[in-house]
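Going by the working numbering, the letters in the sequence shown line up with residues 5 to 432, in that order. Heads up, the beta-carbon is just placed ideally off N, CA and C, and yes, glycines get one too. Heads up, the thing below is written out as structure tokens.
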Amino acid sequence: MFDPATFNRDFSAVSLPGYILILPFALLLGAMAIAPVIAPGWWRRHYQKIALGLGAVMVVYYFVRRDFASLGHAAQEYFGFLALVGSLFVVSGGIHLGVKGEATPLKNVVFLFIGAVLANILGTTGAAILLIRPWIRRNKYRIAAHHIAFFIFLVANVGGSLTPIGDPPLFLGFLQGVPFWWVAKNCWPMWAVATGLLLGIFYVVDKINYQRAARSVREKTTAADTWQFDGWANLFFLAVILGAVFAPRFWREGLMLAAALGSWVTTKKIVHEANDFNFHPVQEVAVLFAGIFATMTPALAWLDQNAGLLLGQNPSAGIFYFGTGTLSAVLDNAPTYLGFLSALSGVTGGKSVAELLTTQPAQLLAISTSAVFFGAATYLGNGPNFMVKAIAEQNGVRMPSFGEFILKFSLPFLLPVLLVVWRLFFRG
């Protein structure tokens with residue numbers, strides 16, 4: 005006779021090989037890289053089904069195995085990620101910055117530098133969402149994909165490497181026991197080198213673009229181009245979100261969502277209209293990262309289980325730099341940071357974060373730096389990247405696909421900077 009209890013026990017004991025469990029994640033990454041290039045219309049209509057469908061495969065698998073701990077952990081991480089990204093998106097969308105004057109290459113460099121500094125105070129998400137629309141308006145007469153790519157490099161990623169507030173991986177490290185000011189004290193040389201090099205490269209690229217434009221375009225301005233700041237009340241809601249990052253779990257997300265709701269209710273309609281505000285960018289991020297968080301769970305579990313085999317007994321800082329960085333480029337960099345932090349603890353005999361700060365500071369620094377820097381290499385590396393891309397496309401900027409972004413911008417411009425940082429700080 006059929007016994008449901010026995011069936012459930014037997015079925016929950018079924019285990020699949022690691023390479024099969026990683027397959028949905030690989031398929032999702034492949035679809036995100038290839039489909040927008042060969043079938044952009046099809047991808048826009050069906051990306052929700054693909055991302056959520058592949059994610060559902062892993063949810064069902066873990067549910068059948070009764071591995072509710074893995075499901076719960078992934079759900080908590082996703083909820084926390086979406087609460088932070090979504091609330092900053094709504095609040096920043098309630099602030100309208102008016103810009104004035106000719107967007108010369110030098111003035112653009114100053115703008116990007118200010119954005120890189122603000123990323124450490126507002127977070128890369130807050131700074132990116134606050135500044136991307138003024139950045140596009142500032143360059144509206146000659147806007148090109150390189151403007152958005154370097155904005156992603158500097159404001160949405162590399163710039164936020166000096167404080168735990170700056171980028172989600174560093175905040176997770178802070179929650180694990182890394183002192184708040186340890187990041188700024190130790191990461192500032194890498195920040196200075198990477199930021200300086202990227203700004204220099206951008207100046208050359210933008211100078212070429214500027215000189216190619218007709219003189220009438222270079223000097224064009226309108227009476228509407230004035231300095232202005234609308235949506236002052238949202239500075240309060242932004243402060244609530246920044247303060248909430250120090251609150252306990254669930255209180256943290258609750259405060260963030262409350263700030264987003266307060267911003268949406270109190271912001272004048274004219275401000276949202278001036279920003280062309282709608283929820284499509286955050287909706288796209290929510291759907292795609294739902295699939296990513298669900299399917300990457302077995303990939304991170306495999307990394308944790310095989311850290312010693314992959315890294316050896318006494319891995320150098322360079323190994324952690326490229327290992328963390330490579331996966332941060334294709335996974336979300338926050339869970340990748342935690343995965344390699346766990347791996348570092350594992351290969352050192354289970355040392356705590358406090359012990360790693362004194363015995364393995366170079367390795368810990370390599371993990372912290374590369375998780376943030378390499379997150380700029382693809383649209384997947386960090387949450388703000390997809391939002392910036394979506395807002396740019398919404399404003400008429402022709403953005404490269406997943407693969408084009410890597411080939412046209414990450415490899416020729418970002419990779420040399422990452423190699424210089426490795427050569428100067430982590431080669432030994």
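Compute the beta-carbon to beta-carbon distance between ASP336 and ILE296, rounded to the nearest angstrom, for a pair I have assumed lies under 8 Å.
6 Å
Please say whether LEU176 and PHE304 have beta carbons closer to each other than 8 Å?
In the sequence as displayed, the identity of residue 304 is Leu instead of Phe. Taking 8 Å as the Cβ cut-off, LEU304 and LEU176 do not qualify as a contacting pair.
Paired residues, beta bridge with ASP280 - DSSP:
ASP280 pairs with nothing; no bridge assigned.
Which whole-angstrom value describes the C-beta separation of LEU384 and PHE157, a residue pair presumed to lie in contact below a C-beta threshold of 8 Å?
That pair is no contact at about 15 Å.
Identity of the residues DSSP links to PHE233 by a beta bridge:
Partner(s): LEU101.
Report yes if the C-beta distance between LEU422 and GLY329 is below 8 Å; otherwise report no.
yes
Hey, how far is the Cα of GLN215 from the Cα of ASN279?
29 Å
So, helix, strand or coil for ALA107, using DSSP?
coil
Assuming LEU428 and VAL197 make a contact with CB atoms under 8 Å, what is their CB distance in whole Å?
6 Å
Anyone know if the C-beta pair for PHE83 and ILE133 falls short of 8 Å?
For PHE83 and ILE133, no; Cβs fall outside 8 Å.
Within a Cβ cutoff of 7 Å, which residues of the same chain sit near ALA264, ignoring the five residues on either side of it in sequence?
GLY90, SER91, VAL94, VAL95
Alpha-carbon to alpha-carbon, ALA380 and VAL121
16 Å
Return the chain-ordered ranges of every beta strand (DSSP E) run that is complete within the region 46-122 and spans a minimum of 3 residues.
DSSP runs (the beta strand (DSSP E)) wholly in the region 46-122: 100-102.
I'd like to check one pair, THR373 with CYS191: are the Cβ atoms closer than 8 Å?
At a Cβ-Cβ threshold of 8 Å, CYS191 and THR373 count as neighbours.
Inter-stretch contact at 8 Å, needing at least 3 Cβ pairs: the region 70-84 / the region 113-128
At 8 Å Cβ cutoff, the stretches do not touch.
If we ignore side chains and look at the alpha-carbon of each, how far apart do ARG431 and LEU314 end up?
19 Å
Quick one, are the C-beta atoms of LEU259 and ALA248 less than 8 Å apart?
In this structure, LEU259 places its C-beta atom within 8 Å of the C-beta atom of ALA248.
Kindly confirm or deny that the region 348-356 and the region 157-169 touch, where touching means at least three C-beta pairs closer than 8 Å.
no
Beta-carbon proximity list for ALA338, same chain, < 6 Å, skipping 5 on both sides
PRO172, PRO173, LEU176
What does the alpha-carbon distance come out to for the pair ALA55 and LEU292?
6 Å
Indicate whether PHE206 and VAL114 have their beta-carbon atoms separated by less than 8 Å.
no
Starting from the C-beta of LEU369, find all residues in its chain whose C-beta is less than 6 Å away, skip the five residues before and the five after it, and write them out in chain order.
ASN190
DSSP three-state label for MET391, please.
helix
Under 8 Å by Cβ, that's how I've got GLU277 and ALA394 pegged, so tell me the actual separation to the nearest angstrom.
At roughly 18 Å, the Cβ-Cβ gap does not stay under 8 Å, so GLU277 and ALA394 are not in contact.
Just to confirm, are LEU33 and VAL334 a CB contact at a threshold of 8 Å?
yes
Note down, one range per segment and in chain order, each alpha helix (DSSP H) of at least 4 residues found wholly within the region 149-222.
149-158, 172-180, 186-216, 219-222
Any idea if GLN309 is buried or exposed, counting beta-carbon neighbours within 10 angstroms, 16 or more meaning buried?
exposed
Starting from the Cα of VAL209, find the closest Cα among LEU345, ALA148, LEU411, SER74 and give me that residue.
ALA148
Alpha carbon of THR128 to alpha carbon of TRP186, nearest angstrom
19 Å
Roughly how many angstroms lie between the CA atoms of ILE140 and PHE406, to the nearest whole one?
20 Å
Just to confirm the assignment, what range does the alpha helix (DSSP H) spanning VAL334 have?
321-334
Using a Cβ-Cβ cut-off of 7 Å (strictly less than) and excluding sequence neighbours within five positions of VAL392, which residues of its own chain qualify?
The residues are ALA132, ILE136, ILE152, PHE155, ILE156, ALA160.
Rounded to whole angstroms, what is the Cα-Cα separation between LEU203 and MET36?
29 Å
Buried or exposed: which applies to ILE212, given that a residue is buried once 16 or more other Cβ atoms fall within 10 Å of its Cβ?
ILE212 should be labelled exposed.
Can you list, in chain order, the residues of its chain with a C-beta nearer than 8 Å to that of ILE410? Leave out the 5 residues immediately preceding and following it.
ALA381, THR382
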